[in-house]
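Peer 1: Just so you know, full-length UniProt numbering puts 136 at position 136 of the sequence shown, and the rest follows in order with no gaps.
Cβ atoms here follow ideal geometry from the backbone N, Cα and C, with glycine treated the same way.
Keep in mind it's a predicted model, so treat the numbers as computed, not measured.
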Amino acid sequence: HIFLMEVEQDEVLIDTEQTLDQEFSDDDMMDDNEQNVPAKFPKLAPSMLENGKPAIRRIAVPHHRYTPLRNDWIKICTPIVNNMKLQIRMNPKQRQVEIRTSQHTEEIGALQKSADFIKAYMLGFDVDDAIALLRLDDIYIDSFEVEDVKMTLTGDHLSRAIGRITGKDGRTKFAIENATKTRIVVADKKIHILGSFANIKIARDAICSLILGSPPGKVYSKLRSVASRVNERY
């Protein structure tokens, strides 16, 4: 009797192992079928990120940009309201521009794009140039100071370095902008460059060479060769 019970137990064990193998094989088949079907997720809406509350960004307005902001207010509001579907207002007490999402906002990155657009305007870029941050995804702003390139520049040496960047009547700056398809703002010691990643690097290298004392003619020739290579590549 004892021998028969052991055999029966073994038979039961074999049966359970077979059923487990069948279950695993069924799961594998389901996994294979699931892999063939592409996963579909619902499109994220901005209202889903803040538990239904509107997300807000506040951008400080420098004193020297207050009057230009008043003059360009309609040009700034129109793309933010019509294209980005955001709400915007000026807070005169705090001297801040406030933007927030609404129930009509569709794009999840609209708020951040609009904040970058307004920040670019506050740095000194024109509205027509800064609006590229709303329309294109691969546009960035790179900011640095003249003293970051050469720390020993002081007094007249610093002024001459800034003068070499702009050139007479801004010709050097315009030449760099046209060759690299970027926009440059020189605000005292700070330099801001707006453009694609590759073009910003070319423009920054040219500006750094001018700060370090390279002759403008040498910088122009190098700039033309590098810009032509980039244009051929793309």
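Ends of the alpha helix (DSSP H) at F125?
Peer 2: Mapped onto the sequence shown, residue 125 falls at position 125. It is not in any alpha helix (DSSP H) - F125 carries neither H nor E in the DSSP assignment.
Peer 1: Does the Cβ of E106 have 16 or more other Cβ atoms within 10 Å, making it buried, or fewer, making it exposed?
Peer 2: As a first step, residue 106 must be located in the sequence shown, where it is residue number 106. Burial call: exposed.
Peer 1: To the nearest angstrom, how far is it from the Cα of S221 to the Cα of I99?
Peer 2: Within the sequence shown, the letter at position 221 stands for residue 221. Within the sequence shown, the letter at position 99 stands for residue 99. Looking at the two C-alpha atoms, the distance is approximately 44 Å.
Peer 1: Under 7 Å between the Cβ atoms of R164 and L210?
Peer 2: Within the sequence shown, the letter at position 164 stands for residue 164. Within the sequence shown, the letter at position 210 stands for residue 210. In this structure, R164 sits near L210, with a CB-CB distance shorter than 7 Å.
Peer 1: Could you say which of A110, D137, K218 lies nearest to P54 if we only look at CA atoms?
Peer 2: In the sequence shown, counting from the first residue as 1, residue 54 sits at position 54. For P54, the nearest C-alpha among the options comes from A110.
Peer 1: Just to confirm before moving on: does the CB-CB distance between A120 and A130 stay below 7 Å?
Peer 2: As a position in the sequence shown, residue 120 is number 120, starting the count at 1. As a position in the sequence shown, residue 130 is number 130, starting the count at 1. Contact flag set, yes.
Peer 1: Who are the Cβ neighbours of T182 in its own chain at under 7 Å, not counting the five residues just before and after it?
Peer 2: For the purposes of this step, residue 182 is identified with residue 182 of the sequence shown, where counting begins at 1. Contacts found: I193, L194, G195, N199, I200, A203.
Peer 1: For K150 and G213, what's the separation of their Cα atoms in angstroms?
Peer 2: The count along the sequence shown starts at 1 and reaches residue 150 at position 150. The count along the sequence shown starts at 1 and reaches residue 213 at position 213. The C-alpha of G213 is placed about 10 Å away from the C-alpha of K150.
Peer 1: Measuring alpha carbon to alpha carbon, tell me which residue in G124, R135, E177 is nearest R65.
Peer 2: What you label residue 65 is simply residue 65 of the sequence shown in a count that begins at 1. Closest by alpha carbon: G124.
Peer 1: If you run the structure through DSSP and keep just helix, strand and coil, what is D205?
Peer 2: Locating residue 205 in the sequence shown gives position 205, counting from the first residue. Correct three-state label for D205: helix.
Peer 1: Relative to the C-alpha of F144, which residue among A227, P92, P216, K189 is closest?
Peer 2: Here the question's residue 144 lines up with position 144 in the sequence shown. When only C-alpha atoms are compared, the closest one is K189.
Peer 1: Thinking just about the alpha-carbon of each residue, which of F197, G217, Q94, D137 is nearest to the one in A175?
Peer 2: Mapped onto the sequence shown, residue 175 falls at position 175. The residue with the shortest Cα to Cα distance from A175 is G217.
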